[in-house]
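Chemist:
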Amino acid sequence: MGGKPESAPASSASSSGGAAALPPITTAPAPPSANATVEATCAQVISGLPLQLGPLPPRTIQTERAVAWGDPPIILRCGVNRPADLTPGSTTPAVLVGDVYWFRTSRGDADVFTSIDRAVYVEVSVPRKQSYMPLPTLGTAIAAKLPAMCAVPEEGKPQPPDDKLCTHRPS
Numbered sequence: 300m301g302g303k304p305e306s307a308p309a310s311s312a313s314s315s316g317g318a319a320a321l322p323p324i325t326t327a328p329a330p331p332s333a334n335a336t337v338e339a340t341c342a343q344v345i346s347g348l349p350l351q352l353g354p355l356p357p358r359t360i361q362t363e364r365a366v367a368w369g370d371p372p373i374i375l376r377c378g379v380n381r382p383a384d385l386t387p388g389s390t391t392p393a394v395l396v397g398d399v400y401w402f403r404t405s406r407g408d409a410d411v412f413t414s415i416d417r418a419v420y421v422e423v424s425v426p427r428k429q430s431y432m433p434l435p436t437l438g439t440a441i442a443a444k445l446p447a448m449c450a451v452p453e454e455g456k457p458q459p460p461d462d463k464l465c466t467h468r469p470s
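Using this note's numbering, count along the sequence shown one by one with no gaps and you end on 470.
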């Protein structure tokens, strides 16, 4: 299949072709949601993700609302909780990459980037041993499916009103 990459299925992306298949991944699921909007929004986000992430092949992941690529695996989970450190007055800056604002934290041997300006929080865990940086590609794919719904202060620009700031949005 040539041309534009196919979209990743919700949670069953698997390796194909001549390469040996990597073992399935099990990771902590995104928090359960009784909110049908979160489920539908995450399905929309995941449907727009690339099957192959740059040079990284898809991985089978046995977790709902999650997709993974490569070895060590980059794992995307949709519908996660708001990052604990994302509070009004937070000193951790958000970075704009791939048309999405990401909030960076650490977990074990990975950097964790959480999109903070969309209708749902989308978390991307990138192992420090992984040489490929997925945020430009993933941010562009997420932005194509979901519009921004809050603002992040930018240096040299007027401060958005408090009720429009991502740090003030409901959890």
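We put the CB at the ideal spot given by N, CA and C, even for glycine.
Bear in mind that the values here come from a model prediction, so they are computed numbers and not experimental data.
Along the chain, where does the beta strand (DSSP E) containing S414 start, and where does it finish?
Modeler: Here the beta strand (DSSP E) through S414 covers 409-414.
Chemist: On the criterion of 16 or more Cβ atoms from any shown chain inside 10 Å, does Y431 qualify as buried, or is it exposed?
Modeler: Exposed: under 16 other Cβ atoms inside 10 Å.
Chemist: Within 8 Å, do at least three Cβ pairs link the stretch 413-431 to the stretch 380-392?
Modeler: Yes: at least three Cβ pairs fall under 8 Å.
Chemist: Assuming I373 and V399 make a contact with CB atoms under 8 Å, what is their CB distance in whole Å?
Modeler: That belief does not hold up - the Cβ atoms of I373 and V399 are roughly 15 Å apart, past 8 Å.
Chemist: How many angstroms separate the CA atom of G397 from the CA atom of P433?
Modeler: C-alpha separation (whole angstroms): 9 Å.
Chemist: Tell me which residue opens and which closes the beta strand (DSSP E) that S405 is part of.
Modeler: Run containing S405: 399-406, per the beta strand (DSSP E) assignment.
Chemist: Tell me where the alpha helix (DSSP H) around P435 begins and ends.
Modeler: Run containing P435: 434-444, per the alpha helix (DSSP H) assignment.
Chemist: By how many angstroms is the C-alpha of P322 removed from the C-alpha of L395?
Modeler: When rounded, the distance between both Cα atoms is 33 Å.
Chemist: Using CA atoms only, rank isn't needed, just tell me which of F412, I324, R381, P459 is closest to L437.
Modeler: It is F412.
Chemist: Under DSSP, the beta strand (DSSP E) around I374 begins and ends at which residues?
Modeler: First-last of the beta strand (DSSP E) with I374: 373-379.
Chemist: In three-state DSSP terms, what is S424?
Modeler: Three-state result, S424: strand.
Chemist: Quick one: Cα of A320 to Cα of P435, how far?
Modeler: Rounded to whole angstroms, A320 to P435 spans 26 Å at the Cα level.
Chemist: I need the DSSP call for V394, collapsed to helix, strand or coil.
Modeler: If DSSP states are grouped into helix, strand and coil, V394 belongs with the strands.
Chemist: Measure the C-alpha to C-alpha separation of A443 and I324 and round it to an integer number of angstroms.
Modeler: Spanning the two alpha carbons is a distance of roughly 27 Å.
Chemist: Go ahead and pull the three-state DSSP assignment for V366.
Modeler: The answer is strand: DSSP assigns V366 an E or B state.
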